[in-house]
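Using our numbering, read the sequence shown as starting at 500 and increasing by one per residue.
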Amino acid sequence: ALPIYLNGERAVFGEPNRLAVLYLRRRGLMPMETLFSLEQTTNTIRDTELMTRLYAQSWAVAHYLKFALPPETAPQFEQFRTAIAQGVPTTEALKKQLNLTSEQLKKAISSHINSGNYRTQRVALPPSVRNMSPPRERPVAPGEAEAWLGDWALESEELEAATRRYEASLREAPDNFFGLLGEGRVLTAQKQYAAALVRLRQAAQQNPQSGWAQLFLGSCLLDATASEPRSVSENVMRLDEAIQTLKRATELMPEYPPAYVQLARAYGATRSRLREAIEAVTKARDLEPAALNTYLMSAAILAENGQAQRALETLDTLARTVPSQSAVKAARALAEVIRSRGSPKLLDALYNLQPKL
């Protein structure tokens, strides 16, 4: 999601209801090249319709600045992003870094949208998302702006850029939640699990009500256990911590399917709690019937529970229900693993196949 959203002439750092953004993106409905209007009924930031036009404006501005400006303006665009992160007013940053006035930008964006680069689609959000109150405007916490820019870089898999942003965030405010969580995530992506666990535990302690902190911490614990196995007792303790952490994540984010997928992965890794693993992944499938990961996890759990035929039937259903090339390819790859191995390492094989969280 964008690290900024626009409120009139102001750039505001925060989350324009992140769950709504994730809900759309996981259904392929919010790539950068697509403009969406969610029930166009409001212009207000605090309206219960989830700041719908604000979303549309933000994505339009971001897409224009990133893709429609001439390539030679890329350095100026980076300077513009930095200026916004430092609190420079939008109009001033536009004029100084990109030599654009607000009126010129509005006309350029209007022309860009009308040129056929966008399609508009109205989407009905489920009550669990629709009823969430949008966040209020608030001052940017120390280190938060840099961390948001780090998140943007991390989502683009620009790990070095993300690392620089998170380090800058923590220099500005050594104990800030956003920097701790972000650095933990990028260290996990770099497979530096010991260092990642330190940061993620600090973030979870800073904000114990953050489902994201619990989810990333639990997932990192699983990655560390799979990649850096220790003694049996240490592995059991680490898996137990992962299960408790991911259970907390599902409590804090009860409508977010990947939290249940990771919980199922944790149960499955114990090799003795497959019934609970099946329950968790079934919940994920109920929430998101067309999700690739839930089918793959279901099949792996069934196969490890001695139900290879049901696992293959699940993969067949996946290939028919989610008729994308990536889904069919993943289903065939896992089916081959089931037919040829059927080993207790099946969940590890699955994790190498599925997209990362």
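C-beta atoms are modelled at their ideal positions from N, C-alpha and C, and glycine is treated no differently.
Self-check item: alpha helix (DSSP H) segment containing E656, residue limits
Solution: Where E656 is concerned, there is no enclosing alpha helix (DSSP H), given that its DSSP letter is neither H nor E.
Quiz item: Counting pairs of Cβ atoms below 8 angstroms between the segment 741-760 and the segment 774-782, do you hit three or more?
Solution: yes
Quiz item: Beta carbon of L745, beta carbon of G717: below 7 angstroms?
Solution: Yes, they are a contact pair.
Quiz prompt | Proximity winner among Q578, E643, Q689, relative to A667 (alpha-carbon distances) | solution = E643
Quiz item: Taking contact to mean at least 3 C-beta pairs separated by less than 8 angstroms, is the segment 794-808 in contact with the segment 747-757?
Solution: no
Exercise. Pull up the distance between the alpha-carbon of L699 and that of D674, whole angstroms please.
Key: 12 angstroms
Exercise. Determine the direct distance from the alpha carbon of R770 to that of G683, and round the result to whole angstroms.
Key: 28 angstroms
Practice problem: Take A810 and list the residues in its own chain whose beta-carbon comes closer than 6 angstroms to its own, dropping the five residues that flank it on each side. | Solution: A798, L801, A802, I837
Quiz prompt | Environment of M752 [buried if 16+ CB atoms lie within 10 Å] | solution = That one is buried.
Quiz item: Would you say L653 and V697 are within 7 angstroms of each other, going by their C-beta atoms?
Solution: no
Exercise. Give the C-beta separation of A703 and A712 to the nearest angstrom, bearing in mind that I take them to be a contact with Cβ-Cβ under 8 angstroms.
Key: The pair is a contact, with the Cβ atoms about 4 angstroms apart (cut-off 8 angstroms).
Quiz prompt | Range of the contiguous alpha helix (DSSP H) that encloses S726 | solution = Segment 710-726, the alpha helix (DSSP H) holding S726.
Quiz item: Below 7 angstroms between beta carbons: does that hold for T687 and A693?
Solution: no
Quiz item: So L773 and A741 are in contact, right, with Cβ under 8 angstroms, and what is the actual spacing, rounded?
Solution: Contact doesn't hold; Cβ gap of about 16 angstroms is too wide.
Exercise. Between the Cα of F579 and those of Q708, R664, L786, L597, spot the shortest distance and give me the residue it belongs to.
Key: L597
Quiz item: Given that a residue counts as buried once 16 or more other Cβ atoms are within 10 Å of its Cβ, and exposed if not, what is V582?
Solution: A small fix is needed here, since residue 582 is Ala in this sequence, not Val. By the neighbour-count rule (16 or more Cβ atoms within 10 Å), A582 is buried.
Quiz item: Residues in its own chain within less than 6 angstroms of A672 by CB, not counting five upstream and five downstream?
Solution: P641, G642
Self-check item: Within 7 angstroms, strictly: CB atoms of L817 and A834
Solution: no
Quiz item: Applying the criterion that 16 or more other CB atoms from any shown protein chain within 10 Å of the CB defines a buried residue, is R664 buried or exposed?
Solution: buried
Quiz item: Of the choices T590, L599, E591, whose alpha-carbon is the least far from that of L568?
Solution: L599
Quiz item: Do you know offhand how far G767's Cα is from R747's?
Solution: One C-alpha to the other measures close to 17 angstroms.
Quiz item: DSSP state of N598, grouped into three classes?
Solution: coil
Quiz item: When the Cα atoms are used, what is the spatial distance from T662 to K595?
Solution: Rounded to whole angstroms, the gap between the alpha carbons of T662 and K595 is 27 angstroms.
Quiz prompt | Boundaries of the alpha helix (DSSP H) in which L786 is found, first to last residue | solution = 773-786
Practice problem: In the DSSP assignment, find the alpha helix (DSSP H) that holds D739 and state where it starts and stops. | Solution: 731-751
Quiz item: So A672 is in the alpha helix (DSSP H); what residue range does that whole segment cover?
Solution: Element bounds for A672: n/a, residue is neither H nor E.
Quiz item: Buried or exposed: where does A573 fall if 16 or more other Cβ atoms within 10 Å of its Cβ makes it buried?
Solution: exposed
Self-check item: CA-to-CA distance, R670 to A660, given in whole angstroms
Solution: 15 angstroms
Quiz item: By DSSP, does A640 sit in helix, in strand, or in coil?
Solution: coil
Quiz item: Can A646 and G678 be called in contact, C-beta distance under 7 angstroms?
Solution: Contact flag set, yes.
Quiz item: Does the separation of the CB atoms of F676 and Q708 fall below 7 angstroms?
Solution: No; because the gap between Cβ atoms is not below 7 angstroms, this pair is not in contact.
Quiz item: Counting along the chain, where does the alpha helix (DSSP H) carrying E682 start and finish?
Solution: 676-688
Quiz item: How many angstroms separate the CA atom of K828 from the CA atom of T793?
Solution: 15 angstroms
Quiz item: Grouping DSSP H, G and I as helix and E and B as strand, with all else coil, what is Q808?
Solution: It is helical.
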